[in-house]
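Chains as they are written, first to last, in our numbering: chain V, 21 to 526; chain F, 22 to 126; chain A, 18 to 214; chain Z, 96 to 587.
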Amino acid sequence: MSPLFIALLLPVVAAVALSRGAPLKLASTPVALANVLLILGVMLSRGFVSPEVVSHVGSIAMLQSPALNLSVGVDGLSLLMALLTVVVSVCACWQIDNKREGARAEHIVAHLISAGALGAFVCRDLLMLYAFHELALIPTLLIIALQGRGESANRLRVAWKATVYLGVGSLILLAGLCWLMVSLTPEGAALVTDLDSLLKLAKEHPLPALKQAQIGLVLLVGFGTLVSLFPFHTWAAPAYATAPVSTAMLHSGVLKKFGIYGLLRVLPGMLPLALSQAWLQEALCWALLGNILWVGWVCIHQRNLDEMLAHSSVMHMGYLFLGLAAGGAVALEGVALLAFAHGISIALLFALAGRMRAQLGTLEFRRLGGLGSHSPALYVLFCFGMFASIGLPGLANFAGELMIFVGCFGHPGATALGMVQWTAIAALWGVVMSAVYGLRALRALFQGTSGSGLFLSDPPLAQRGGLVLLASLLLVAGTCPWLPLRLIAPAPKDKPAAGAVAPKAH
Amino acid sequence: MITLQHYLWVSAALFCIGLAGVVARRNALVVYMCLEMMLSAANLTLVAFSRFGVRDGLPDVNAQALVFFTITVAAAEVAVGLAIILALFRAKQRIETDSVNALQG
Amino acid sequence: MPVLLFYLFAALVVGFALAVVLARNPVTSALCLAVSFVGLAALFLSLDAYFIGTLQVLVYAGAVMVLFLFIIMLMDVKAEESSARSRGAQAAGFALAVLLLIEVVSISSALKRSGDTLGQHPISAPLAAKLRQQSGRPLLKGLEADLAKGELPDAKLMGEALFGRHVFHLQLVGLLLVVATVGVVALSRKDGGSLSS
Amino acid sequence: MSVFYSLTLIALAGLALLLLEAFDSKRALRYARDASLGLCLFVALRLLTGNLNCSSEALPSWVSPWLSFDPLAQTFVVLGLVSTALVLALLRIGESYIRQYTLGGSMSEFYAIPMIMAAAIGFMAAARDLVTVFVALELVTVSFYVLVSMARKSALCLEAGVKYLILGAMSTGVLVFGMAWIYGVCGTLEFSGIASALADPQIAKAPALLACGLMIAALGFKVAAAPFHVWVPDVYQGAPLPISAFLSVGSKAAGFVVLCRLLEGFLGAGSVVAAEVRQLLVILGGLTVLLGALPALHQSSVKRLLGFSSVSHAGFMILGLSSVAPGVTGTGLASFYLATYLPMTVLAFTVLTVMRAHEVGDDLSEIRGLSKRSPMLAFCLTVSMACLAGLPLSVGFLGKWLVLLGLAQAGQLAALVIALIAAACGFYYYFRPIVAAYSSSEEPRKAIEVSIPAAVLLVLLCAVVLVLGLYPAPLNGLLQLTGAPAAAALLR
């Protein structure tokens with residue numbers, strides 16, 4: 021029995037217990053914390069083996085023919101994402117105000133999202149991976165509809181919009197995955213859904229380049245909708261701005277990374293030639309520029325911290341897609357690292373924003389100011405989150421973004437600037453834009469003179485734990501990026517020649 | 022000479038007239054008569070095929086047995102159907118027409 | 018059957034069937050249906066299905082049509098008035114029927130035996146009698162003798178089939194009639210209470 | 096004991112229930128009804144555990160030419176029995192409200208007729224020829240006419256009864272006409288004979304296609320396939336809830352088992368009409384999923400919504416029947432889908448029945464605030480709707496996914512896209528009741544007490560649905576189901 025099954029089961033059990041009336045203090049945060057320890061234990065027991073090795077394998081047969089197994093196992097990438105999930109989950113549970121009406125439902129949903137995301141990350145079966153994500157998505161949408169902020173008509177509209185986008189997106193995704201599995205399965209054999217078998221099949225009998233690109237397009241649209249890739253991004257910002265704090269943290273920090281995780285699993289391994297088709301690469305580049313530049317521009321014009329954070333989260337997805345478009349080992353490792361770092365930083369920011377809103381009642385920039393004087397600890401934590409988000413060296417996001425940009429230019433043989441390189445140059449301006457809105461938000465909120473009667477106090481010591489945990493993770497991963505990288509990047513000696521999977525520049 | 026085709030034509034005509042009546046008429050009783058017409062047309066087809074498929078010197082009795090069951094079942098259906106239509110008619114007399122048509126759409 | 022008679026009965030069947038659909042008054046429709054069914058019975062007879070033909074007259078033209086007329090009289094149904102909606106339905110019904118008719122008629126010529134006449138499929142009672150004797154099947158008393166005489170004992174053959182091979186179906190039909198009877202009794206009992214919707 | 100006698104026993108039990116009514120002993124009647132429910136479950140259980148003799152030697156000689164209890168038949172016998180038992184249970188739960196609509200509060204027909212229908216569905220499942228199919232199918236249909244119109248104090252109910260009657264009788268007409276043409280083309284009414292006749296390359300193709308088309312159209316009515324589905328929403332809304340539930344599972348089971356058997360002939364090896372019939376099924380299925388899903392989007396009555404959704408599910412089953420995926424037979428896929436569809440749809444109807452028994456209607460506005468009034472009902476509604484929508488890791492997902500996969504492997508891209516659109520619509524319309532149940536209503540309403548039998552039924556169905564979602568292995572055998580052994584037995 022793999023310990024991963026326990027990690028999967030724990031949040032589900034917690035959710036069921038909570039729905040049957042278990043005490044919130046005992047059943048929620050401690051269980052999430054236990055899961056953190058469990059995943060850390062898995063990490064330690066795995067030791068420093070090569071990232072490709074799948075350890076802690078376990079499998080339960082669900083259906084014999086066509087074979088369908090609930091098989092779990094972790095390699096480096098899975099483990100990194102699982103760590104992100106459990107850490108953000110525990111902080112999200114920590115942040116829920118237990119006295120509020122509806123806190124129980126929020127706890128239940130947090131655990132369900134955590135279980136679904138964890139399942140998606142540790143599953144070794146492509147279909148189950150999709151299924152777990154879907155399972156996490158539904159409670160998210162429900163809680164936005166039922167407990168979101170603002171007018172009930174407004175939140176219903178927001179929730180329906182998100183439901184329609186994500187529902188259609190995930191069906192397109194399912195169609196794409198089906199197409200991929202059917203195409204890779206040998207003629208006449210029963211369908212292969214197992215991730216490792218599919219990778220092996222793809223290596224032995226690669227699909228024609230055009231077909232790879234076609235499947236890649238469907239998958240990009242499907243996964244892209246979930247990750248709010250331009251132009252399928254409009255659901256995301258209002259949903260995050262409306263969702264309860266814990267849900268916003270979990271969805272933007274963890275669940276959204278599922279799309280990137282899925283693309284990292286599928287694109288380089290099974291469809292290595294997809295993005296070498298110029299049309300697909302160009303389409304992706306234009307879309308991600310839309311994310312970075314257009315949404316960045318929209319972000320600058322936000323007058324409200326919630327909205328700004330929501331849009332910035334959408335904007336940063338552009339960098340992840342840039343890394344995918346570049347291909348190449350360095351860029352892809354950068355994508356994984358940035359996904360992890362962004363998850364932590366956006367969760368921290370949403371947590372702080374939620375706390376501020378609870379005390380102040382508003383997050384409009386023009387009504388606020390000088391908050392830093394009464395709440396130094398909160399100010400420092402906010403700075404951590406915001407600087408990480410901007411990409412300041414020393415914090416985790418910087419390492420990821422740097423690797424992506426280096427990856428864009430890094431492959432040998434690039435004598436001229438191709439589409440990816442031009443996109444990267446344009447995307448660099450996005451960093452400037454995030455500096456603009458990030459620093460402006462810091463100044464508007466914490467500097468200057470305070471508004472009338474609106475002031476903020478530091479969270480009590482006991483509640484700082486979760487926030488400090490997130491901030492310290494950002495710091496550790498930023499100053500010692502080799503720690504997370506050791507999980508995902510092969511040691512230099514068995515690294516494949518850089519650019520082996522990179523698209524040709526022309 | 023009269024061929025199998027002639028019988029099939031007659032039964033097809035009867036069936037189609039019945040079908041047209043079912044779709045076009047609004048009176049439940051007339052619709053029900055048209056349904057009986059469709060069943061009878063099917064019976065004619067069955068009997069014709071059984072007569073033109075003589076085996077061992079005799080028409081196929083199995084097909085004619087099916088016709089027998091069809092007629093029996095149709096008679097039972099008529100009884101049940103008329104009872105339901107009658108019940109609806111009784112109800113209609115006592116309530117307004119538009120509340121009976123509450124199911125439209 | 019003489020060719021002329023076939024055409025006569027066919028015209029009777031189709032013509033009165035049309036009248037059922039076209040007549041405004043349900044009583045007319047019911048009477049026309051009865052005539053049409055009598056014509057149909059004659060066609061059954063022309064196909065040597067005497068038992069079925071008789072049944073058609075007894076059950077359909079007799080019992081069922083009387084039931085219809087009875088209900089029509091009981092309910093005092095008026096002639097149907099035409100409305101915009103029903104005109105649409107009429108057009109749809111007409112189009113559907115014509116399409117299906119064309120299809121079935123054109124397809125029926127593609128059948129292998131479609132051009133065969135009755136003479137090409139002769140009923141041979143003595144042959145049947147011989148074959149039945151050879152197969153040694155359990156026989157209905159007298160059936161043998163009738164066949165050997167060259168007659169077609171249609172009712173006896175049907176009786177043998179229904180109470181021999183098809184006895185299981187007969188039981189099921191019996192069950193069906195029980196359910197139908199129970200249903201009719203329950204549905205047409207006079208109710209004391211008032212109607213609520 | 097053989098299956099045949101067990102089914103006969105069930106039919107006789109139905110007749111006995113009718114007789115008991117004549118003596119009008121209320122208490123005895125109550126026990127007798129519970130006993131008949133138990134009998135259905137008992138027979139189903141014995142059949143599942145392989146304790147009933149299904150061999151053809153066990154049949155009496157007057158039945159053996161007509162019936163054969165092959166695995167496909169056994170599956171549908173069990174489905175028929177289980178759905179009958181569930182409907183009887185639902186009737187007990189909803190008895191208090193149904194009584195208001197029947198003459199003199201009489202309920203005996205409601206309990207007796209489903210028992211007879213269970214036996215008829217069983218015989219139909221085992222039928223080897225079209226005569227048996229016709230007689231058994233008509234027994235089921237006529238019983239449904241009676242059941243649908245039985246609550247005759249409701250005008251809606253009678254209106255629904257007349258609609259069902261007329262369209263049902265029309266489908267009977269088409270069915271007999273189709274049978275006549277099948278007989279004319281193949282020269283026989285037996286399934287095995289039809290299969291071998293259609294495999295003969297000498298056969299005239301156009302008449303064969305006409306015959307197949309007529310049969311599929313007639314059975315399309317029984318399984319509520321478009322464009323023969325117009326009766327569904329009205330009849331579901333008008334009929335009492337347990338009867339609507341029976342329509343959605345019993346009538347479907349009856350139609351699909353015949354369709355499965357026929358299609359095994361139509362699509363069998365060497366059949367001259369296989370390609371066209373397959374294409375016809377794909378078109379019919381695509382049309383059905385779409386015409387079920389699109390009108391469901393704006394329904395405010397959950398009963399009507401379930402009606403349209405059952406049309407959409409029928410479409411998925413038809414698409415499944417046309418499937419050619421390796422390792423899965425079309426028949427198997429349809430049976431699997433039906434077996435998973437049964438518990439989740441009955442669960443939804445159970446919730447509605449319990450609500451109705453407490454004077455809560457099935458309109459979305461009345462469901463608002465259900466979670467406050469009865470958390471259990473709200474939870475059960477959520478589970479059933481999520482499963483019907485095909486949420487991954489729920490019992491409804493796997494069937495849909497296998498159908499989509501079959502379409503992908505057959506290269507039916509248009510149908511695949513349509514099925515995906517319908518599935519996406521499903522997410523929308525199934526989640527409206529859930530959102531309504533968990534949103535707060537304006538005025539406080541009093542709590543709903545769920546009675547013990549109802550609670551037991553709800554918990555049982557929920558457990559089945561949840562467990563099967565995560566661990567569908569017990570149903571695995573269904574996926575490879577065929578009716579072929581019966582045909583082979585006939586050919587010798």
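Beta carbons are placed, not taken as given, at the ideal position from N, Cα and C, and that holds for glycine.
With a CB to CB cut of under 7 Å and the five nearest residues on each side skipped, what residues in its chain are close to residue i?
i                            : result
isoleucine 280 of chain V    : Val247, Leu340, Val355 and Ala359
alanine 42 of chain V        : none
valine 259 of chain V        : Valine is not the amino acid found at residue 259 of chain V; the sequence shown has alanine there. Excluding sequence neighbours, alanine 259 of chain V sits near Ile164, Val178 and Ala182.
valine 269 of chain Z        : Leu309, Ala312 and Ala313
phenylalanine 141 of chain V : Ser98, Met101, Ala102, Thr105 and Tyr281
valine 334 of chain V        : Ser248, His253, Ala256, Ala257, Asn311 and Val315
cysteine 305 of chain V      : Ala345, Met439, Val440 and Thr443
Examine chain F for any beta-carbon lying closer than 9 Å to the beta-carbon of residue i, and answer yes or no.
i                            : result
threonine 103 of chain Z     : no
phenylalanine 272 of chain Z : yes
glutamate 161 of chain A     : no
glutamine 107 of chain A     : yes
methionine 175 of chain A    : yes
Give a yes or no on whether the minimum CB-CB distance between residue i and chain V is below 9 Å.
i                         : result
valine 446 of chain Z     : no
tryptophan 496 of chain Z : yes
For residue i, which residues in the same chain have their Cβ closer than 8 Å to its Cβ, ignoring the five residues on either side in sequence?
i                         : result
tryptophan 317 of chain V : Met453
glycine 42 of chain F     : Val51, Val52, Met54, Cys55 and Met58
alanine 103 of chain Z    : Just to set this straight, residue 103 of chain Z is threonine in the shown sequence, not alanine. The answer, listed in chain order, is Ala214.
alanine 292 of chain Z    : Val280, Cys281, Gly282, Thr283 and Ile298
serine 214 of chain A     : The predicted position of serine 214 of chain A is uncertain, since its pLDDT is 39 and thus under 50; a value taken from the coordinates is nonetheless stated next. Once the five neighbours on either side are set aside, serine 214 of chain A has no close Cβ partner at all.
lysine 173 of chain A     : Leu157, Gly159, Leu160 and Asp163
Any beta carbon of chain Z sitting closer than 9 Å to that of residue i?
i                         : result
alanine 96 of chain F     : no
glycine 200 of chain A    : yes
isoleucine 69 of chain A  : no
lysine 129 of chain A     : yes
isoleucine 116 of chain F : Confidence is the limiting factor: at isoleucine 116 of chain F the pLDDT is only 33, short of 50, which leaves the residue's position unreliable and the question unanswerable from this model.
valine 196 of chain A     : yes
According to DSSP, residue i sits in a beta bridge with which residue or residues?
i                        : result
glutamate 285 of chain Z : Z/Asp224
cysteine 143 of chain V  : V/Val92
glutamate 254 of chain Z : Answer is none; glutamate 254 of chain Z lacks a bridge partner.
leucine 162 of chain Z   : Z/Ala222
Let me see if you follow: with CB-CB separation under 9 Å, is residue i close to chain A or not?
i                            : result
phenylalanine 218 of chain Z : yes
For residue i, which residues of its own chain have a beta-carbon under 6 Å away from its beta-carbon, when the five flanking residues on both sides are left out?
i                         : result
methionine 210 of chain Z : Ile105, Ala108, Gly109 and Ser131
proline 580 of chain Z    : Here proline 580 of chain Z scores only 44 on pLDDT, less than 50, and its place in the model is too uncertain to base an answer on.
aspartate 514 of chain V  : Residue placement at aspartate 514 of chain V is poorly supported in this model, since its pLDDT is 48, which falls under 50; the coordinates still yield a value, given next. Cβ neighbours of aspartate 514 of chain V beyond the five flanking positions: none.
glutamine 107 of chain A  : none
cysteine 49 of chain A    : Phe33, Ala36 and Val37
Item to check | Positions along the segment 220 to 247 of chain Z whose CB lies within less than 8 Å of some CB in chain A | outcome: Val226, Thr227, Val230, Ala231, Glu233, Leu234, Val237, Ser238, Tyr240, Val241, Ser244, Met245 and Arg247
Next on the checklist: Could you tell me which whole beta strand (DSSP E) segments of length 3 or greater appear in the segment 56 to 119 of chain V?
Outcome noted: You should have 75 to 83 and 88 to 94.
Next on the checklist: So if I threshold CB-CB distances at 7 Å, which residues from the segment 66 to 79 of chain F count as touching chain A?
Outcome noted: Val68, Ala69, Arg72, Phe73, Val75, Asp77, Gly78 and Leu79
Item to check | Short-range partners of chain Z found in the segment 229 to 258 of chain V, where Cβ spacing is below 7 Å | outcome: With the criterion set as a beta carbon lying under 7 Å from some beta carbon of chain Z, the segment 229 to 258 of chain V has no members that meet it.
Next on the checklist: To test your reading of the DSSP string, which unbroken alpha helix (DSSP H) runs of 4 or more residues are found completely within the segment 476 to 560 of chain Z?
Outcome noted: 490 to 505 and 508 to 533
Item to check | Contained alpha helix (DSSP H) runs [length at least 4] in the segment 402 to 488 of chain Z, N- to C-terminal order | outcome: 425 to 452, 459 to 462, 465 to 468 and 470 to 484
Item to check | In chain order, each alpha helix (DSSP H) run of at least 4 residues that lies wholly inside the segment 327 to 367 of chain Z | outcome: 336 to 341 and 347 to 361
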